[in-house]
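Enquirer: This is the structure I want to talk about, given as structure tokens.
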Amino acid sequence: MTTERISMIRERLEKTFAPQQLNIQDESHKHVGHASAGGAGHFDVEIISDSFEGKSLIQRHRLVYDAVDDIMHTEIHALSIKASTPSETSS
Numbered sequence: 001m002t003t004e005r006i007s008m009i010r011e012r013l014e015k016t017f018a019p020q021q022l023n024i025q026d027e028s029h030k031h032v033g034h035a036s037a038g039g040a041g042h043f044d045v046e047i048i049s050d051s052f053e054g055k056s057l058i059q060r061h062r063l064v065y066d067a068v069d070d071i072m073h074t075e076i077h078a079l080s081i082k083a084s085t086p087s088e089t090s091s
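Going letter by letter, the sequence shown gives residues 1 to 91 in UniProt numbering.
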């Protein structure tokens, strides 16, 4: 189930943002026994995309949540997001 959920998240984020980099980690094991999760997972997303240029942190998070809206609360219980632009990550 974990790889299916990651694939669902990856598909939506790649389609929406065409990211230069995308890392998705399943962190559900850290939340075992979290009753309100209802079987949905906890995920950590690091995404780098030109789509975030000129956007505030809140706007970036909203865009990511919008991209996975159809699977929030069914497949995803919690989503930790680090959304950056390529210029913010280059040295």
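Note that beta-carbon positions come from the ideal geometry of N, C-alpha and C, so glycine has one too. Computed from a predicted structure; not experimentally measured.
Relative to the C-alpha of residue 27, which residue among 81, 65, 83 and 44 is closest?
Expert: Residue 27 has its Cα closest to that of 44, out of 81, 65, 83 and 44.
Enquirer: Helix, strand or coil for residue 55? Go by DSSP, reduced to three states.
Expert: In this structure, residue 55 counts as coil in the three-state DSSP scheme.
Enquirer: Hey, quick one: how far does the beta strand (DSSP E) through residue 9 stretch, first residue to last?
Expert: Premise fails: residue 9 lies in the alpha helix (DSSP H), 2 to 17, not in any beta strand (DSSP E).
Enquirer: Alpha carbon to alpha carbon, how far is residue 57 from residue 6?
Expert: Taking the straight line from one Cα to the other gives about 23 Å.
Enquirer: Would you report the Cα separation of residue 86 and residue 67, rounded to the nearest angstrom?
Expert: Cα to Cα, the separation comes out at about 20 Å.
Enquirer: When you compare only the Cα positions, how much space is there between residue 40 and residue 20?
Expert: In a straight line, the C-alpha of residue 40 is about 27 Å away from that of residue 20.
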